[in-house]
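According to this note's numbering, the residues represented by the sequence shown are 50 to 356, in order.
The beta carbon of each residue, even a glycine, is placed where N, CA and C say it ideally should be.
Bear in mind that the values here come from a model prediction, so they are computed numbers and not experimental data.
Structure first, then comments.
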Amino acid sequence: MLMDKYKKIISRIYDSVSAIPPRGKIADYIPALAQVAPGSYGIAIALPDGRTDGVGHWHTKFSIQSISKVFTLAMVMRHMGSSLWQYVGREPSGSPFNSLVQLEHEHGIPRNPFINAGALVVTDRLIGLYDRPKEAILSFVRSVAGSDDIYFDKTVARSEYEHASRNLALAHFMKSFGNINGSVDTLIDVYCNQCSIAMSCEELARSFLFLTDRGINPFDGERILSVSRAKRLSALMLTCGFYDESGDFAFRVGLPGKSGVGGGIVAFIPGRLSIAVWSPELNEYGNSVRGIDTLERFTTDLGISIF
Ligand code: GLU
Numbered sequence: 050m051l052m053d054k055y056k057k058i059i060s061r062i063y064d065s066v067s068a069i070p071p072r073g074k075i076a077d078y079i080p081a082l083a084q085v086a087p088g089s090y091g092i093a094i095a096l097p098d099g100r101t102d103g104v105g106h107w108h109t110k111f112s113i114q115s116i117s118k119v120f121t122l123a124m125v126m127r128h129m130g131s132s133l134w135q136y137v138g139r140e141p142s143g144s145p146f147n148s149l150v151q152l153e154h155e156h157g158i159p160r161n162p163f164i165n166a167g168a169l170v171v172t173d174r175l176i177g178l179y180d181r182p183k184e185a186i187l188s189f190v191r192s193v194a195g196s197d198d199i200y201f202d203k204t205v206a207r208s209e210y211e212h213a214s215r216n217l218a219l220a221h222f223m224k225s226f227g228n229i230n231g232s233v234d235t236l237i238d239v240y241c242n243q244c245s246i247a248m249s250c251e252e253l254a255r256s257f258l259f260l261t262d263r264g265i266n267p268f269d270g271e272r273i274l275s276v277s278r279a280k281r282l283s284a285l286m287l288t289c290g291f292y293d294e295s296g297d298f299a300f301r302v303g304l305p306g307k308s309g310v311g312g313g314i315v316a317f318i319p320g321r322l323s324i325a326v327w328s329p330e331l332n333e334y335g336n337s338v339r340g341i342d343t344l345e346r347f348t349t350d351l352g353i354s355i356f
């Protein structure tokens, strides 16, 4: 019943958004990302019981990029209590996702875990927690998505590693402030791999159901995060999930969400549903133009957000 209603809404949105030629630009600063088909567009919805439906390219896998930062943060929050927040802040950054400038003023402590510097600190702590960090990340994502068919895209990982000067600079800079514990090379290797994970809209929507349900993985009943940590992670998505467009996303859409430069966006309505959109053309902030448009129309047509 409910799914029928959601499906009608997303089908209508899909038709009207598809009729407008995609604006924006496909990311090419990581060359392998530029290989996607322009105009790709998919939407998927997942319900708390794991059922899914969607429209367009909702089964096509794409590079999740920064959406992976939510998974690694969840993994680290499981193990580290409040001590994590000495090393990474919880405020919107108001600057681009890969900015170096703010770090200098703020003594190597990144503003939040979703800008690149913050995500690098989180991945550095993750490497300290797991013997085989890449395998651990993959197995975490597979478990929350309820699917084993999720892999690193080695071509994207290699391409990002070969063009990682900016992320290397961020990591070395933070290491000079004592805020990176391990080897920078290992860190960048793990980070490029986590960003390269390929998932479809359907898999992404499913993989955020654990946050929709306040920390419980619906696929095996395991508690991933306490209610309080799930609240904190969701709040960070609302305030910091879209770089320096986070305020505008909250204003227009009214949901916690996270974007990636592969053109994916995932968002959720607590207790009700999780929704993923993919369209690779990005705006100047690095967020999918159609993705934001779709989600704004969705909460408007549905009349439900978190507010
Ligand atoms: N792998 C990308 C980078 O570090 C992630 C950025 C993003 O998706 O916003 O540049």
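Note to self: If you follow the alpha helix (DSSP H) that Val-66 is in, where does it begin and where does it stop?
What the structure shows: 51-67 is the extent of the alpha helix (DSSP H) around Val-66.
Note to self: For a quick check, are the C-beta atoms of Ser-323 and Ala-123 less than 9 Å apart?
What the structure shows: It is not a contact, given that the beta carbons lie outside the stated cut-off.
Notebook entry, point to check: Helix, strand or coil: which one does DSSP assign to Asp-293?
Noted result: Residue state, collapsed to three classes: helix.
Note to self: Among Ile-246, Leu-219, Asp-102, whose alpha-carbon lies nearest the alpha-carbon of Asn-147?
What the structure shows: For the residues Ile-246, Leu-219, Asp-102, the minimum Cα distance to Asn-147 belongs to Leu-219.
Checklist line | the ligand GLU site residues, beta-carbon cut 6 Å against heavy atoms | finding: Result (chain order): Gln-114, Ser-115, Phe-146, Asn-147, Asn-165, Glu-209, Asn-216, Cys-244, Gly-309, Val-310, Gly-335.
Notebook entry, point to check: In terms of DSSP beta bridges, what is Ala-93 paired with?
Noted result: Paired residues: Gly-103, Ala-325.
Check: What do you get for Gly-306, buried or exposed, if any count of 16 or more other CB atoms within 10 angstroms of its CB means buried?
Finding: It is buried - the Cβ of Gly-306 has at least 16 other Cβ atoms within 10 Å.
Note to self: Only counting the same chain, and skipping five residues up and downstream in sequence, which positions put a Cβ closer than 6 Å to that of Gly-231?
What the structure shows: Once the five neighbours on either side are set aside, the close Cβ partners of Gly-231 are Asp-173, Ile-176.
Next item on the list: Compare the Cα-Cα distances from Phe-259 to each of His-156, Glu-271, Met-129, Lys-203 and report the closest residue.
Entry: Cα-wise, what sits closest to Phe-259 is Glu-271.
Item checked: DSSP beta-bridge partners of Ile-265 -> In DSSP, Ile-265 forms a bridge with Arg-272.
Notebook entry, point to check: Is it right to say Phe-257 is buried, meaning 16 or more other beta carbons lie within 10 angstroms of its own, or is it exposed?
Noted result: So Phe-257 counts as buried.
Check: In the DSSP assignment, what are the bridge partners of Lys-307?
Finding: Bridge pairing for Lys-307: Val-315 [DSSP].
Notebook entry, point to check: Looking at the structure shown, is Tyr-334 part of a helix, part of a strand, or coil, going by DSSP?
Noted result: Taken through DSSP and simplified to helix, strand or coil, Tyr-334 comes out as coil.
Item checked: Own chain residues within Cβ distance below 8 Å of Arg-61, not counting five before or after -> For Arg-61, where only same-chain residues beyond five positions count, the Cβ hits under 8 Å are Asp-350.
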